[in-house]
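Peer 1: Numbering (the working numbering), first residue to last: 1 to 220. Just so it is clear, CB atoms sit at the ideal spot from N, CA and C, and this is done for glycine as well. It should be emphasised that the depicted structure is a prediction, and the values quoted were computed from it without experimental measurement. Here's a structure for you.
Below you can see the structure in the form of structure tokens.
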């Protein structure tokens with residue numbers, strides 16, 4: 001009977017990371033620990049296609065990601081989208097990754113809130129031909145929302161082996177404890193110049209130091 005190939009499977013976690021915070025890190029570490037992947041690559045997008053553009057440059061956001069994961073084994077920065085000058089479409093980035101890694105399990109990490117409108121993503125069917133989706137729990141979102149039921153009926157799996165024996169096409173819901181934290185909330189607190197002791201409960205101290213040094217958000 002064939003066995004899984006955790007040494008060949010890796011995960012990519014895309015997002016604006018504006019700024020990266022501890023809920024992002026908790027999700028990435030949960031994937032690393034529970035999905036038998038060799039690595040989780042955090043991929044800051046240049047210009048998100050489905051939301052307003054970040055107020056902070058891709059270079060600064062990538063620097064914050066690098067600082068946040070510097071001492072966490074198994075997490076790395078994926079700079080694929082940093083030099084783009086057009087909206088970042090997940091399908092394009094996954095195609096480039098597939099050129100580098102033509103075979104083996106490729107897991108794309110997203111939140112339950114994103115899965116709920118996944119059919120609005122550019123060429124969403126092609127995304128599932130290129131990768132599996134692993135879906136982190138998010139406060140206020142459930143598998144009954146939006147597109148989730150239909151997608152899970154067709155592509156859902158509870159078998160970790162599927163993510164390693166098949167190259168793409170499956171969707172797995174993860175059982176991570178949802179963390180009620182968003183970048184919007186972090187930015188609001190930064191703009192209000194909240195005490196560092198409060199902010200470092202939400203973002204790594206190295207990231208907060210960088211934000212203050214570079215004066216990335218008003219109020220700090």
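1) If I'm right that residue 58 touches residue 42 with Cβ under 8 Å, what's the distance once you round it to whole angstroms?
2) Three-state secondary structure (DSSP) at residue 27?
3) Tell me, please, whether the CB atom of residue 103 is closer than 8 Å to any CB atom in chain C?
4) If we call anything under 8 Å between Cβ atoms a contact, is residue 108 one with residue 133?
5) Who does residue 15 pair with in a DSSP beta bridge?
6) What residue does the beta strand (DSSP E) around residue 171 start on, and which one ends it?
7) Excluding the five sequence neighbours on either side, which residues of its own chain have a C-beta within less than 8 Å of the C-beta of residue 9, listed in chain order?
8) Three-state secondary structure (DSSP) at residue 132?
9) I'd like to confirm the pairing. Which residues does DSSP put opposite residue 109 in its beta bridges?
10) Is residue 57 helix, strand or coil when you go by DSSP?
11) So the beta strand (DSSP E) residue 182 belongs to, where does it begin and stop?
12) I need the DSSP call for residue 1, collapsed to helix, strand or coil.
13) Count the other CB atoms, across all protein chains shown, that sit within 10 Å of the CB of residue 100; report buried if there are 16 or more and exposed otherwise.
14) So, is residue 140 buried or exposed, given that buried needs 16 or more other C-beta atoms within 10 angstroms?
15) Under 7 Å Cβ to Cβ from residue 178, same chain only, skipping five residues before and after it: list those, please.
16) Taking all protein chains shown into account, decide if residue 66 is buried (16 or more other Cβ within 10 angstroms of its Cβ) or exposed.
17) If you draw a straight line from the C-alpha of residue 60 to the C-alpha of residue 201, how long is it?
18) Return the first residue and the last residue of the alpha helix (DSSP H) that residue 76 is part of.
19) So, is residue 193 buried or exposed, given that buried needs 16 or more other C-beta atoms within 10 angstroms?
20) Please classify residue 46 as buried or exposed, where buried requires at least 16 other C-beta atoms within 10 Å of its C-beta.
21) According to DSSP, is residue 114 helix, strand or coil?
Peer 2: In short:
1) So it is not a contact: roughly 13 Å between Cβ atoms.
2) In the structure shown, residue 27 sits in a helix (DSSP, three-state: H, G or I).
3) The structure shown contains no chain C; it is built from a single protein chain.
4) Note that the C-beta distance between residue 108 and residue 133 is below 8 Å.
5) Per DSSP, 44.
6) In the DSSP assignment, residue 171 falls within the beta strand (DSSP E) that extends over 171 to 173.
7) By the criterion of a C-beta distance shorter than 8 Å, residue 9 is surrounded in its chain by 35, 36, 37, 38, 104, 105, 106, 107, 163 and 164, once the five residues flanking it on both sides are discounted.
8) DSSP, read as helix, strand or coil, puts residue 132 in strand.
9) Partner(s): 13 and 134.
10) Here DSSP, grouped into helix, strand and coil, assigns residue 57 to coil.
11) No residue range can be given for residue 182, since it is assigned to no beta strand (DSSP E) and is classified by DSSP as neither H nor E.
12) For residue 1, the pLDDT reaches just 32, beneath the cut-off of 50, and the residue's location in the model is therefore unreliable, although a value from the coordinates is still provided. In the three-state DSSP reduction, residue 1 falls in the coil class, being neither helix nor strand.
13) Classified as exposed, residue 100 has fewer than 16 neighbouring CB atoms from the shown chains inside 10 Å of its CB.
14) Exposed is the label assigned to residue 140, since fewer than 16 other Cβ atoms lie within 10 Å of its Cβ.
15) Hits under 7 Å: 137, 138 and 139.
16) It is buried - the Cβ of residue 66 has at least 16 other Cβ atoms within 10 Å.
17) Their backbone Cα atoms lie some 21 Å apart in a straight line.
18) Residue range 75 to 77 is occupied by the beta strand (DSSP E) that includes residue 76, with no alpha helix (DSSP H) assigned at that position.
19) Exposed.
20) With 16 or more other CB atoms across the displayed protein chains lying within 10 angstroms of its CB, residue 46 is buried.
21) Here residue 114 sits in helix by DSSP.
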